[in-house]
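Numbering (UniProt numbering), first residue to last: 1 to 353. Where a beta carbon is used, it is the ideal one built from N, C-alpha and C, also for glycine.
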């Protein structure tokens, strides 16, 4: 990607990269942040890379448009964004610069210090956004790490204490749905139910909805409820079979209302394993379609195969999942969807592919 290796000839982390707050509030300042060439480069890179991941199902582009404005008066958000972006550069195959990891760790340490101070203040306005950015930084390392799990539970408490849900507005609403994606990633990797039950999300869905971001969040809501069922005891009981049928019907109702942007258009040749790339005009639609197929596999085969007759259906869903995964979609889709590929691999384990 253009620009990733254009490192300014500055010190790794200039001492005076931000102006100190003029008040006792460690998270925000009445003065505008002072930028170096390095921090400006990180902020520009942030908008075109990791911010798009956060805005996958948010056409309001909260993290691409609003957060860059907020961080200009918030050292807390500035360090969070710089840490997240530098860590992305350190892990990116497009970057040959090894020093980005050091930059990321330095910004992360300062961001964590400021966040701890911010959380000691009642209703700090940027604490939730900062927590979300740092949690996303940590997911780069490992979802199973103790730091990630501890910070995730702290974020859950923050969400609950502030009454944030699907009815919230502005950055709170954007943060809620990003939090939910973290919830699902952690639940699927640990094979446990979600911490925040979907019944507490306060969702409402409008019949005839056409916006791909809203429809994407809708499929995430269905996915979360399916994950809860299969990783609870009812997933193994006869009563769960009836519930699985209800979910399959709900999926088809969701699918019936979709626009043409959700129809993948095949292109190129089919490879030797039977896969073929597909094009979707809207990335959010591709991500929603990906999870639509994953939910089917969960219902057919988790925690155990429900019926031998489902094997051809599972194979078909796995092929569709892989077709999306191998296509040239932006990182926003790949980052969120990578943990779902484990279930798309299920047919390999069953010897179908």
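Taking the alpha helix (DSSP H) that residue 312 falls in, what are its first and last residues?
Translated into the one-based positions of the chain shown, residue 312 becomes position 312. Where residue 312 is concerned, the enclosing alpha helix (DSSP H) stretches over 311 to 325.
Applying the criterion that 16 or more other CB atoms from any shown protein chain within 10 Å of the CB defines a buried residue, is residue 145 buried or exposed?
In the chain shown, counting from the first residue as 1, residue 145 sits at position 145. Looking at its Cβ environment, which holds fewer than 16 other Cβ atoms inside 10 Å, residue 145 is exposed.
Quick check: the segment 261 to 274 against the segment 220 to 236, are there 3 or more CB pairs under 8 Å?
Result no; under three Cβ-Cβ pairs closer than 8 Å.
What does the Cβ neighbour count give for residue 28, buried or exposed, with the cut at 16 atoms within 10 Å?
Locating residue 28 in the chain shown gives position 28, counting from the first residue. Per-residue confidence for residue 28 stands at a pLDDT of 48, beneath the threshold of 50, marking its modelled position as unreliable; the derived number appears in the next sentence. Buried, since its Cβ has 16 or more Cβ neighbours within 10 Å.
Does the structure place the segment 317 to 329 close enough to the segment 272 to 282 that three or more beta carbon pairs sit under 8 Å?
Touching, yes, given that three or more Cβ pairs across the two stretches are closer than 8 Å.
So who's on the other strand from residue 278, going by DSSP bridges?
To locate residue 278, count along the chain shown from 1; it is residue 278. DSSP, once it has assigned bridges, lists 266 as partnering residue 278.
Under a three-way DSSP split, which group does residue 178 fall into?
Position 178 of the chain shown, counting from 1, holds the residue named residue 178. Of the three classes helix, strand and coil, the one that applies to residue 178 here is helix, per DSSP.
Does the pairing of the segment 63 to 83 with the segment 43 to 50 give three or more beta-carbon distances under 8 Å?
Yes: the two stretches touch, three or more of their Cβ pairs being nearer than 8 Å.
Reducing DSSP to helix, strand and coil, say where residue 206 ends up.
As a first step, residue 206 is located in the chain shown; it is residue number 206 there, counting from the start. Of the three classes helix, strand and coil, the one that applies to residue 206 here is coil, per DSSP.
Can residue 62 and residue 174 be called in contact, C-beta distance under 8 Å?
As a position in the chain shown, residue 62 is number 62, starting the count at 1. As a position in the chain shown, residue 174 is number 174, starting the count at 1. Their beta carbons are under 8 Å apart, which means residue 62 touches residue 174 by this criterion.
Compute the beta-carbon to beta-carbon distance between residue 158 and residue 128, rounded to the nearest angstrom, for a pair I have assumed lies under 8 Å.
Within the chain shown, the letter at position 158 stands for residue 158. Within the chain shown, the letter at position 128 stands for residue 128. At roughly 6 Å, the Cβ-Cβ gap stays under 8 Å, so residue 158 and residue 128 are in contact.
Residue 169 by DSSP, collapsed to three states: which one?
Translated into positions along the chain shown, residue 169 becomes position 169. Here residue 169 sits in coil by DSSP.
Taking the alpha-carbon positions, what's the residue 227 to residue 121 distance?
As a working note, residue 227 is residue 227 in the chain shown. As a working note, residue 121 is residue 121 in the chain shown. In a straight line, the C-alpha of residue 227 is about 36 Å away from that of residue 121.
For residue 205, which of 196, 215 and 197 has the nearest alpha-carbon?
Locating residue 205 in the chain shown gives position 205, counting from the first residue. Residue 205 has its Cα closest to that of 215, out of 196, 215 and 197.
Among 320, 307, 178 and 269, whose alpha-carbon lies nearest the alpha-carbon of residue 292?
As a position in the chain shown, residue 292 is number 292, starting the count at 1. The shortest C-alpha separation from residue 292 is found at 320.
Given this structure, state the Cα-to-Cα distance separating residue 241 from residue 136, to the nearest angstrom.
For this step, residue 241 is matched to residue 241 along the chain shown. For this step, residue 136 is matched to residue 136 along the chain shown. Cα to Cα, residue 241 sits roughly 35 Å from residue 136.
Just reading off the alpha helix (DSSP H) that residue 129 is part of, what are its end residues?
In the chain shown, residue 129 corresponds to position 129, counting from 1. Note, residue 129: alpha helix (DSSP H), 127 to 139.
With distances taken between CB atoms, is the gap from residue 248 to residue 299 smaller than 8 Å?
On the chain shown, position 248 is the one that residue 248 refers to. On the chain shown, position 299 is the one that residue 299 refers to. Cβ distance < 8 Å, so residue 248 and residue 299 count as in contact.
Along the chain, where does the alpha helix (DSSP H) that runs through residue 156 open and close?
Mapped onto the chain shown, residue 156 falls at position 156. Unbroken alpha helix (DSSP H) run through residue 156: 146 to 161.
Less than 7 Å between C-beta atoms, sequence neighbours within five positions excluded: which residues of the same chain meet that for residue 203?
Residue mapping note: residue 203 aligns to position 203 of the chain shown, counting from 1. So the qualifying residues of the chain are 166 and 221.
Look up residue 68 in the DSSP assignment and say whether it is helix, strand or coil.
To locate residue 68, count along the chain shown from 1; it is residue 68. It is helical.
Where does residue 39 fall in DSSP's three states?
As a working note, residue 39 is residue 39 in the chain shown. The answer is helix: DSSP assigns residue 39 an H, G or I state.
Could you give the distance in angstroms between the alpha-carbon of residue 102 and the alpha-carbon of residue 86?
As a working mapping, residue 102 is identified with position 102 in the chain shown. As a working mapping, residue 86 is identified with position 86 in the chain shown. The straight-line gap from Cα to Cα measures roughly 9 Å.
Grab the span of the alpha helix (DSSP H) containing residue 102 for me, first residue to last.
Residue 102 sits at position 102 when you count from the first residue of the chain shown. First-last of the alpha helix (DSSP H) with residue 102: 100 to 119.
I need the boundaries of the alpha helix (DSSP H) containing residue 218, first residue and last residue.
What you label residue 218 is simply residue 218 of the chain shown in a count that begins at 1. Where residue 218 is concerned, the enclosing alpha helix (DSSP H) stretches over 212 to 230.
Taking residue 130 and residue 76 to be in contact with their CB atoms under 8 Å, please state how far apart those CB atoms are, rounded to whole angstroms.
Within the chain shown, the letter at position 130 stands for residue 130. Within the chain shown, the letter at position 76 stands for residue 76. That pair is a contact at about 5 Å.
So, residue 112 versus residue 134, is the Cβ gap smaller than 8 Å?
One-based indexing of the chain shown puts residue 112 at position 112. One-based indexing of the chain shown puts residue 134 at position 134. Yes; because the gap between Cβ atoms is below 8 Å, this pair is in contact.
Can you say whether residue 34 is buried or exposed, counting buried as having 16 or more other CB atoms within 10 angstroms of its CB?
Along the chain shown, read from residue 1 onward, the residue named residue 34 stands at position 34. Per the 10 Å Cβ criterion, exposed.
Are the beta-carbon atoms belonging to residue 257 and residue 208 less than 8 Å from one another?
Against the chain shown, residue 257 aligns to sequence position 257. Against the chain shown, residue 208 aligns to sequence position 208. Result yes, Cβ atoms of residue 257 and residue 208 sit closer than 8 Å.
DSSP three-state call for residue 301: helix, strand or coil?
By 1-based counting over the chain shown, the position of residue 301 is 301. Note: residue 301 maps to helix in three-state DSSP.
Measure the C-alpha to C-alpha separation of residue 106 and residue 170 and round it to an integer number of angstroms.
The count along the chain shown starts at 1 and reaches residue 106 at position 106. The count along the chain shown starts at 1 and reaches residue 170 at position 170. Cα-Cα distance, rounded: 30 Å.
Near residue 66, what residues of its chain come up, given a Cβ to Cβ distance below 7 Å and the 5 sequence neighbours on each side ignored?
The residue labelled residue 66 in the question sits at position 66 within the chain shown. Closer than 7 Å at Cβ, skipping near neighbours: 171.
Roughly how many whole angstroms lie between the Cα atoms of residue 50 and residue 271?
As a working note, residue 50 is residue 50 in the chain shown. As a working note, residue 271 is residue 271 in the chain shown. Residue 50 and residue 271: Cα-Cα distance of roughly 31 Å.
Any heavy atom of the ligand SAH inside 7 Å of the beta-carbon of residue 273?
Annotation note on the ligand SAH: not contained in the displayed structure, which lists no ligands.
Three-state secondary structure (DSSP) at residue 354?
Lying before the first or after the last residue shown, residue 354 is absent from the chain, which here runs from 1 to 353.
So for residue 245, helix, strand or coil by DSSP?
For this step, residue 245 is matched to residue 245 along the chain shown. Reduced to three states, the DSSP call for residue 245 is helix.
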